[in-house]
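Position 43, counted from 1, in the sequence shown is what my numbering calls 183; the numbers after and before it change by one each time, with no gaps.
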Amino acid sequence: MFKTNESGMDRIIRAVIGIAALVVFFLNQGTTLGWVALVVAVLALFTAAVGWCALYTVFGINTCKMKT
């Protein structure tokens, strides 16, 4: 579906950020910070799972070493 444009390390960092953002969400439920953290978590975990980042595509960035 998407061409991978994230390296393995990039995906790991995004997953860690996503998990940390989920923790912030659960600690701040019902607040603006909580909702912002949830959006960040969903985006970070989605891009980590699929290995594709829309902003990387827009700016022509590719940290993936493999040809896809």
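Positions of the beta carbon are idealized from the N, C-alpha and C atoms, including for glycine. On a predicted model such as this, the values are computed, not experimentally measured, just so you know.
Does DSSP put residue i in a helix, a strand or coil?
i: F142; result: coil
i: T203; result: coil
i: W175; result: helix
i: G170; result: coil
i: G158; result: helix
i: G191; result: coil
Look at residue i and residue j and say whether their C-beta atoms are less than 8 angstroms apart.
i: A181; j: L162; result: yes
i: V164; j: A177; result: yes
CB-CB under 6 angstroms to residue i, same chain, minus the five flanking residues each way: which ones, in chain order?
i: D150; result: T203
i: I159; result: none
Can you give me the Cβ contacts of residue i inside the same chain, cut-off strictly under 8 angstroms, excluding the 5 residues immediately before and after it?
i: G191; result: F142, T144, N145, E146, R151, C204
i: L173; result: V164
Give the single residue among the options whose Cα lies nearest to the Cα of residue i.
i: V156; options: G170, N168, F186; result: F186
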